[in-house]
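Read in order, the letters of the sequence shown are residues 444 to 657 in the numbering used here. Here is the structure we will look at.
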Amino acid sequence: MPSGERAAFKASRLSPTTFLIVEHSDIYEEHPFIYAKIVPDASTILLLDTGCGGATKDDEIEISSLREFIGTVKVDDNGGQPLNEGGKMRYVVVLSHCHYDHILGIEHFADDSPVYASAHAPEFLSPEVLPRHSLCEDLDIQTPKYTPTLLPHKSGIPTPGGSAALPDVKLLHTPGHIPDELALWDEAERMLYVGDTLYEWAHLPQRRVHRHLA
Ligand SMILES: [Zn+2]
């Protein structure tokens, strides 16, 4: 399949290990960023966020699952290979925060992959309030089902087996956008992945939605 065509996502290389995946045609007009760091030594792909779940009005799009995209769609910046051909590597998912445009794709991973979030404000992520805090309630959409393991400030990210930490990456609590916001710091590559803490620009729908939280 030609790279990037007929998929709800596009991937480009950001660093020697990490790709930016953009969900470009979502019905919410959020066009969320998803980061995929390939860790071959641990046979793992570390994902930061999962996007909007692939819902699109574009009839041409055939691949709307983030997991299927990563496992099957050829990426020019990855030597013309899928990021995780055939799903051979396992996944670890970190959620930068619980807003819907970061968690709607999580159910494709939550059954067989660890999911991590910030331990800064556990009550903010409790199942009773997640529909409201994720903004799924405002949008009248189903809140995805997942049970994150909450990690402390400055912790490493456990491998899928849970026995060791993935190399080089630290999780930082960065509350502000909302209480569970976190960032990932890749020490070896000097890259900071910040979720919604900073925007290059903010388009209006996102601003409007986020104001509900004030
Ligand atoms: Zn947000």
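All C-beta atoms in this analysis are idealised placements derived from N, C-alpha and C, irrespective of residue type, glycine included.
Answer with buried or exposed for Glu571, where buried requires no fewer than 16 other C-beta atoms within 10 angstroms of its C-beta. Taking the first residue of the sequence shown as 1, we reach residue 571 at position 128. Around the beta carbon of Glu571, a 10 Å sphere encloses fewer than 16 other beta carbons of the protein chains shown; the residue is thus reported as exposed.
Kindly provide the chain-ordered list of residues whose Cβ lies closer than 5 Å to any non-hydrogen atom of ligand 1. This selection yields His542, Asp639.
Using the rule of at least 16 other Cβ atoms within 10 Å of the residue's Cβ for burial, across every protein chain shown, is Glu505 buried or exposed? Here residue 505 refers to the residue found at position 62 when the sequence shown is read from its first residue. Exposed: under 16 other Cβ atoms inside 10 Å.
Would you kindly work out how many angstroms separate the C-alpha atoms of Ser458 and Tyr636, rounded to a whole number? One-based indexing of the sequence shown puts residue 458 at position 15. One-based indexing of the sequence shown puts residue 636 at position 193. Rounded to the nearest whole angstrom, the CA to CA distance from Ser458 to Tyr636 is 12 Å.
Other residues of its chain near Leu615: CB distance less than 7 Å, five sequence neighbours each side excluded: Translated into the one-based positions of the sequence shown, residue 615 becomes position 172. Excluding sequence neighbours, Leu615 sits near His596, Lys597, Leu625, Ala626, Trp628.
Please confirm if the segment 575-586 is in contact with the segment 519-529, defined as three or more CB-CB distances below 8 Å between the two stretches. The answer is no - the segment 519-529 does not touch the segment 575-586, with fewer than three Cβ pairs under 8 Å.
Helix, strand or coil for Ile504 per DSSP? Here residue 504 refers to the residue found at position 61 of the sequence shown. Coil.
Considering only C-alpha positions, which residue in the set Pro603, Pro618, Leu489 is nearest to Cys541? Position 98 of the sequence shown, counting from 1, holds the residue named residue 541. Per the Cα distances, Pro618.
Suppose you measure from the CA of Gly605 to the CA of Tyr534; what does that come to, to the nearest Å? Residue numbering aside, residue 605 sits at position 162 when the sequence shown is read from its first letter. Residue numbering aside, residue 534 sits at position 91 when the sequence shown is read from its first letter. One C-alpha to the other measures close to 12 Å.
C-alpha gap between Glu511 and Leu578, whole angstroms: Taking the sequence shown and counting its residues from 1, the one referred to as residue 511 is at position 68. Taking the sequence shown and counting its residues from 1, the one referred to as residue 578 is at position 135. Between Glu511 and Leu578, the C-alpha separation is close to 26 Å.
In the DSSP assignment, find the unbroken alpha helix (DSSP H) run with Glu576 in it and report its ends. Reading the sequence shown from its first residue, position 133 is the one you call residue 576. Looking at the sequence itself, residue 576 is His, so the reference to Glu does not match. Note, His576: alpha helix (DSSP H), 573-576.
CA-to-CA distance, Thr515 to Leu641, given in whole angstroms: Here residue 641 corresponds to residue number 198 of the sequence shown, with the count starting at 1. Here residue 515 corresponds to residue number 72 of the sequence shown, with the count starting at 1. Whole-angstrom Cα-Cα distance: 31 Å.
DSSP on Ala553, reduced to helix/strand/coil? By one-based count along the sequence shown, residue 553 stands at place 110. If DSSP states are grouped into helix, strand and coil, Ala553 belongs with the helices.
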